[in-house]
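Reminder that position 98 of the sequence shown reads as 247 in our numbering, one-by-one numbering, no gaps. Heads up, the beta-carbon is just placed ideally off N, CA and C, and yes, glycines get one too. Note that this is a predicted model, so its numbers are computed, not measured. See structure below.
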Amino acid sequence: MRQALQTLIELAQIDEELLVLELSRGDLPKRVEQLKTELQRQQEKSDALHASVETSQQQKRLQEGELAELKEKLKKYQQQLFQVKNNKEYDAITLEIEQAESNAETLEFNNLELDERIEASKVQLQSLQEELEHRRQELAVGEEQLHKVLSRTAEQEALLKQKRQRFLNVLNVQIYSQYERIRRGRGGSAVAYLANGACSACSSRIPPQRGMEIRMMNHLYVCEVCGRILVWVPDKEVAGQEK
Ligand SMILES: [Zn+2]
């Protein structure tokens, strides 16, 4: 157990250094991720808008075709009107003309509406494009910054991770999973030191009898208050007393 606890102490130091490295990157990785998500969302919105403009334009072309046909028909009716032979024919053609005129009016009205819709979408699309361009630039800057920070810390991180792996290879799996569980729950630190009769992490007093047991380093004890694994390192004890 003593060996395992020593390994835990080393592991905790490495994890602390890794945490410092991670903190040095700040919220940059998160921000870059957020920007990417935002960009994607806006791109999808822009694509949808683009598609709807196209649909409207297609519809408008169809309606213009129908309108042209109607106008042709109307011309024909007007000519037929001069050649009618009786009232019945006259009435029939007049009815056709009225019907065609009414249809043409509806189509023209629909076309105007489509024009308005297309115009509004285009305005929206324009501002969306500008926003997209802005976001792309923001993302490029963020990614460059992130790349710089990462390359600065990458070597150090790789070394620490290698070292970490070596400790993991010799550490008991159960002890390691307990360590990880505490670490996740305690903001990245799972090991506390017995210093001056107290837990170095939460400062709660450790009963002298328990303190002696912890100094022996023969068993794994956790702090009853903060739940961290308690270990004893002579240096830390001195440092604690100096305070
Ligand atoms: Zn504690």
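Item	Value
Aspartate 377: buried (16+ other C-beta within 10 angstroms of its C-beta) or exposed?	The question names aspartate, but residue 377 in the sequence shown is arginine. Buried, since its Cβ has 16 or more Cβ neighbours within 10 Å.
Threshold first: 3 residues or longer. Then list the beta strand (DSSP E) segments lying entirely within the region 310 to 348, N to C.	340 to 344
When DSSP builds the beta bridges, which residues end up paired with tyrosine 370?	Leu379
So, do the region 178 to 197 and the region 268 to 287 have three or more beta carbon pairs nearer to each other than 8 Å?	yes
Any Cβ of chain D within less than 8 Å of the Cβ of glutamate 292?	As a matter of chain content, chain D is missing from the structure shown, which is built from one protein chain.
Taking the straight line between their C-alpha atoms, what separation do you get for glutamate 391 and glycine 291?	Its pLDDT being 40, under 50, glutamate 391 is placed unreliably in this model, and the value from its coordinates should be taken loosely. So the alpha carbons of these two residues sit roughly 44 Å apart.
Of the residues Gln207, Ser195, Leu168 and Leu223, which one's Cα is nearest the Cα of serine 276?	Ser195
Evaluate contact between the region 323 to 341 and the region 362 to 381, counting only Cβ atoms and requiring at least three cross-stretch pairs below 8 Å.	yes
Where does glutamate 391 sit, in a helix, a strand or coil, going by DSSP?	Caution applies to glutamate 391, whose pLDDT of 40 falls short of 50 and renders its modelled position unreliable; the value that the coordinates give is listed next. It is helical.
State the start and end residues of the unbroken alpha helix (DSSP H) segment that holds valine 181.	177 to 231
With a 10 Å radius around its C-beta and 16 neighbouring C-beta atoms as the bar for buried, classify serine 353 as buried or exposed.	exposed
For glutamate 306, I'd like the list of residues in its chain whose CB is within less than 6 Å of its CB, leaving aside the five on either flank, ordered along the chain.	Leu170
Please tell me whether, using a cut-off of 7 Å, the distance from the CB of valine 382 to the nearest non-hydrogen atom of ligand 1 is below it.	no
Start and end of the alpha helix (DSSP H) containing arginine 151?	151 to 173
Compute every distance between the C-beta of serine 353 and the non-hydrogen atoms of ligand 1, then say whether any falls below 7 Å.	yes
Among Ala249, Leu177 and Gly214, which one has its Cα closest to the Cα of lysine 225?	Ala249
Less than 8 Å between the beta carbons of isoleucine 363 and alanine 153, yes or no?	no
Around the C-beta of alanine 161, are 16 or more other C-beta atoms found within 10 angstroms, so that it is buried, or is it exposed?	buried
How big is the Cα-Cα spacing for aspartate 264 and lysine 209?	8 Å
Using a Cβ distance threshold of 8 Å, determine whether the region 214 to 234 contacts the region 316 to 336, with at least three qualifying pairs required.	no
Can you tell me whether arginine 377 sits near ligand 1, meaning its C-beta is under 7 Å from at least one heavy atom of the ligand?	yes
For arginine 354, write down the residues that DSSP places opposite it in a beta bridge.	Ala347
Which of helix, strand or coil does DSSP assign to asparagine 260?	helix
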